[in-house]
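Here's the structure, in structure tokens; my notes come after.
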Amino acid sequence: MDLFKSLKEFFLRNRRRLQEDSYDSLLWLVNIIPNLVGFSINRKKISAPFWIVHMILLLYVYGVGCIVYMVRDAKTAGDYIKNFVNISLFCLIANNSWWFLTKRPLLKEALKKIKENDGLAHQNVTLQSKQKKILRRIRLMILTFLIFNYMDEFFIYLPHRADVMNDNYSMTPCVGLEPLTSSPNREVCHIILGLQEITIVTVVLNYQALMLFLIGHTAVMYQMLAYEMISLNDFTNLKDHQLFVKQKLPSLIYRHSLTLDVTYKLKSLYSVPMGVNFGSNAVCISLFFYLPFEEWLQFIPILMYCFLVFFLYCFLCQKLINASEIFERAVYSCGWENFDLKEKKLVYVMLRQAQKPVEILAADIIPVNIYTFATTLQAMFKFVTVVKF
């Protein structure tokens, strides 16, 4: 009876968390799987066993497998192309793994700033409903992303990928365990390939989900600041309003500085990894068009993942840019002409800061926005059309 009661409470508590639209619930959502396998972003230290197993299997299955296949087994141009897809995936997975292992201190600093900023924004009772509404969209986006990709991985990609007799992926499975047609070599290889894919999907999908949360939440903070700046233009009594502005403006300036600090930390966190992922995704998408149409089906999960992640990068960074521009216009339209001289000077400094472009650069070179998404796809289409046809 006690066990049933405990399970019921556990289920109800987690269901409430899934339905909440707050910073804590979103952080809990993107931290569910990492917490289970031992690299929760809330812990001071990470679990070494998971990363040891993950990195060893990654080097063995993808690293050694790709090299051996290219040297020994590749025969046609299609074999080399599919092998290059696996090499691109290896780079993407290694990049995300390196990020989790090396960027942890900076990530914890950014989360601390984000939590403080969220708490200050939540103090405005009149805007809590708007904040929850926007956070709900982020929650639904993260949930949709995770559910879609987990189903894609476990029901479509993994059964074919773990099939040791399937040579369509152009990568030598379980080098050194040949022959794979006999037992127990076949079963051991199944376990190795299955375990490798599980660790990969754990690292890669949670890296992407955490990035969606961080960038999306920062965009929300810009929007909340814009709403509060615009509200400074609503008043009936000028003297009372000037007194209110004196009390309110320092808090808004501090929150703006927090948001800028978070934005700079996001640039440091994601600039280089995003550049590597951009290149890996672009190579994967381009190489797919060289394959015969009948071979697309087995790579559809990878193609859909690359395309979806590429789009979400650009879409969310564009949302961040748009929110910062809305905030800039809100600062200019806050009714500063009715403020005292000291507050006018503060708003001027705030406006100068708000006018600086807010954008994340992939590899500190390429601006990540929806225009980049469109032009990159256009360039890939032109390249493939010229080379293939």
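In the numbering used here, the protein residues as written are -7 to 381.
From the three backbone atoms N, C-alpha and C, an ideal C-beta is built for every residue, glycine too.
Predicted model, so just to flag it, every value in this text is computed and none were measured.
Per DSSP, what kind of secondary structure is residue i in: helix, strand or coil?
| i | result |
| --- | --- |
| G59 | Just to set this straight, residue 59 is Ile in the shown sequence, not Gly. Three-state result, I59: helix. |
| A371 | helix |
| I358 | strand |
| L353 | strand |
| S162 | coil |
| V301 | helix |
| D155 | coil |
| G30 | coil |
| K37 | coil |
| F281 | coil |
| L169 | coil |
| S325 | coil |
| E317 | helix |
| E1 | helix |
Suppose you measure from the CA of residue i to the CA of residue j; what does that come to, to the nearest Å?
| i | j | result |
| --- | --- | --- |
| P270 | Q200 | Here residue 270 turns out to be Phe, not Pro, going by the sequence shown. Their backbone Cα atoms lie some 13 Å apart in a straight line. |
| H152 | A69 | 22 Å |
| Y214 | F137 | 24 Å |
| R247 | K67 | 60 Å |
| E189 | I79 | 15 Å |
| R321 | I222 | 9 Å |
| Q347 | R8 | 40 Å |
| L84 | K336 | 48 Å |
| Q123 | G111 | 11 Å |
| C71 | A315 | According to the sequence shown, residue 71 is Asp rather than Cys. Straight-line Cα distance between these residues: approximately 45 Å. |
| I106 | H233 | 30 Å |
| L135 | V254 | 24 Å |
| K104 | E179 | 46 Å |
| L206 | S263 | 14 Å |
| Q115 | I192 | 40 Å |
| K259 | M203 | 11 Å |
| I24 | Y61 | 36 Å |
| Q290 | G327 | 59 Å |
| F365 | V301 | 11 Å |
| I313 | Y363 | 12 Å |
| A102 | L252 | 11 Å |
With residue i as the anchor, note down where its alpha helix (DSSP H) starts and where it stops.
| i | result |
| --- | --- |
| G383 | In the structure displayed, the chain extends from -7 to 381; residue 383 sits before or after that span and is not available. |
| A66 | Run containing A66: none; DSSP gives neither H nor E here. |
| A346 | 333 to 346 |
| F42 | 40 to 49 |
| W20 | 15 to 22 |
| S121 | 120 to 144 |
Residue j and residue i - do their beta-carbons sit closer together than 7 Å?
| i | j | result |
| --- | --- | --- |
| Y282 | I73 | yes |
| I277 | C298 | yes |
| N87 | V268 | yes |
| F331 | A218 | no |
| C306 | V360 | yes |
| N109 | L250 | yes |
| T164 | G30 | no |
| I126 | V212 | yes |
| L261 | K100 | no |
| M266 | A371 | no |
| P41 | Y149 | no |
| F280 | L304 | no |
| V195 | S272 | no |
| L185 | N177 | no |
message: Give the list of continuous alpha helix (DSSP H) stretches no shorter than 4 residues that lie fully inside the stretch 172 to 234.
response: 177 to 223
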